[in-house]
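Q:
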Amino acid sequence: MATSIPAQEESAQPPSTDSPLPVDSRNDSVAIDESAPLLDSDDRAPPTQNASNKILRIFTSIALSSSALTLIFIIAANIALKVGNDYYGLPWSVSDSMRIIIAPAVFSLLFSMYNLVQLRNGLGVPSLAINLLCDILVAVFAISYGGDGLSGIDRGPVTPAKVLAGIALAIGIICGIAHMGLFVLRCRLAYRSEFWRHPWGFPTGQLTVEFSVKLYREPQRPRETGESQV
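Using UniProt numbering, read the sequence shown as starting at 1 and increasing by one per residue.
(1) Output the distance between the C-alpha atoms of V163 and A63, rounded to the nearest integer angstrom.
(2) Give a yes or no on contact between the segment 104-113 and the segment 183-193, applying the rule of three or more CB pairs nearer than 8 Å.
(3) Going by CA-CA distance only, name the one from G89, R57, G166, L132 that's closest to Q118.
(4) Tell whether a beta-carbon distance below 7 Å holds between V83 and A165.
(5) For W92 and L69, what's the separation of their Cα atoms in angstroms?
(6) Using alpha carbons as the reference points, say which of M98, P160, N131 lies closest to Y114.
(7) In angstroms with no decimal places, state the Cα-to-Cα distance between S66 and F141.
(8) Give every residue of the same chain whose Cβ lies closer than 7 Å to the Cβ of N53, excluding the five residues on either side of it in the sequence, and list them in chain order.
(9) Give me the Cβ distance between G181 and I143, rounded to the nearest whole Å; I'm assuming they're in contact under 8 Å.
(10) State the Cα-Cα distance for the pair R99 and L128, rounded to the nearest angstrom.
(11) Would D154 be called buried (16 or more neighbouring beta carbons within 10 Å of its own) or exposed?
(12) So what does DSSP say about V158, is it helix, strand or coil?
Shown next as structure tokens:
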């Protein structure tokens with residue numbers, strides 16, 4: 001009995017504080033994993049670019065819908081002129097403006113459809129210079145000729161053809177304003193990109209120009225060999 005007492009006292013001693021604390025295996029695995037990246041990779045576009053693309057989509061959608069409506073109302077006005085047997089017809093300023101505004105509306109429709117598809121697919125808008133040229137041309141022609149046509153819309157009696165023509169010219173002005181907004185927005189994006197600081201690449205290669213020159217001699221006249229007879 002005397003020999004068993006020290007064993008019990010020894011077993012009753014509290015555990016030493018020098019023993020290692022239990023470590024969570026999950027934290028240990030995270031700390032040991034050297035293949036994990038130090039920073040989370042974020043491939044998303046910056047907020048400013050997303051906001052610019054959203055504004056581009058809005059203005060492009062307005063240009064697309066307004067150009068399509070302009071063409072529809074121009075066709076409807078021409079049909080009303082032929083079907084209604086309108087004696088007065090349309091004033092010269094209205095008919096000329098409506099005829100000239102067809103080309104900007106067609107260009108706006110084609111470019112807006114292409115740019116909107118590119119933006120929705122996340123491919124961006126290519127050919128910034130071409131889009132800037134199209135925007136300024138459509139804006140100038142649509143706004144100027146649309147306003148000129150609306151200034152003479154009140155001449156003569158009110159007819160269905162004149163009402164449809166006025167609606168077409170008014171929507172054409174809206175299309176021009178949308179393209180003016182696109183022009184300003186694209187100029188701002190081009191200024192932010194600081195394109196003038198990047199080196200401009202020119203195509204390299206060899207250009208060969210060949211030309212040939214042919215000389216044509218004037219045919220010689222036959223000499224007079226005969227002698228005069230007396």
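Backbone N, C-alpha and C define an ideal beta-carbon position, used for all residues, glycine too.
A: For this structure:
(1) As a first step, residue 163 must be located in the sequence shown, where it is residue number 163. As a first step, residue 63 must be located in the sequence shown, where it is residue number 63. Rounded to the nearest angstrom, the two C-alpha atoms are 22 Å apart.
(2) no
(3) For the purposes of this step, residue 118 is taken as the residue at position 118 of the sequence shown. That would be R57, whose Cα lies nearest to the Cα of Q118.
(4) On the sequence shown, residue 83 is found 83 positions in, with the first residue counted as 1. On the sequence shown, residue 165 is found 165 positions in, with the first residue counted as 1. Not closer than 7 Å, so no.
(5) By one-based count along the sequence shown, residue 92 stands at place 92. By one-based count along the sequence shown, residue 69 stands at place 69. So the alpha carbons of these two residues sit roughly 22 Å apart.
(6) Taking the sequence shown and counting its residues from 1, one reaches residue 114 at position 114. Of the listed residues, the one whose Cα sits closest to Y114 is N131.
(7) Residue mapping note: residue 66 aligns to position 66 of the sequence shown, counting from 1. Residue mapping note: residue 141 aligns to position 141 of the sequence shown, counting from 1. When rounded, the distance between both Cα atoms is 15 Å.
(8) Position 53 of the sequence shown, counted from the start, is the residue given in the question as residue 53. Excluding sequence neighbours, N53 sits near L119.
(9) Residue 181 sits at position 181 when you count from the first residue of the sequence shown. Residue 143 sits at position 143 when you count from the first residue of the sequence shown. No, G181 and I143 are not in contact; Cβ-Cβ is about 12 Å, not under 8 Å.
(10) Residue numbering aside, residue 99 sits at position 99 when the sequence shown is read from its first letter. Residue numbering aside, residue 128 sits at position 128 when the sequence shown is read from its first letter. About 28 Å.
(11) As a position in the sequence shown, residue 154 is number 154, starting the count at 1. Result: exposed.
(12) Taking the sequence shown and counting its residues from 1, one reaches residue 158 at position 158. Coil at V158, not helix or strand.
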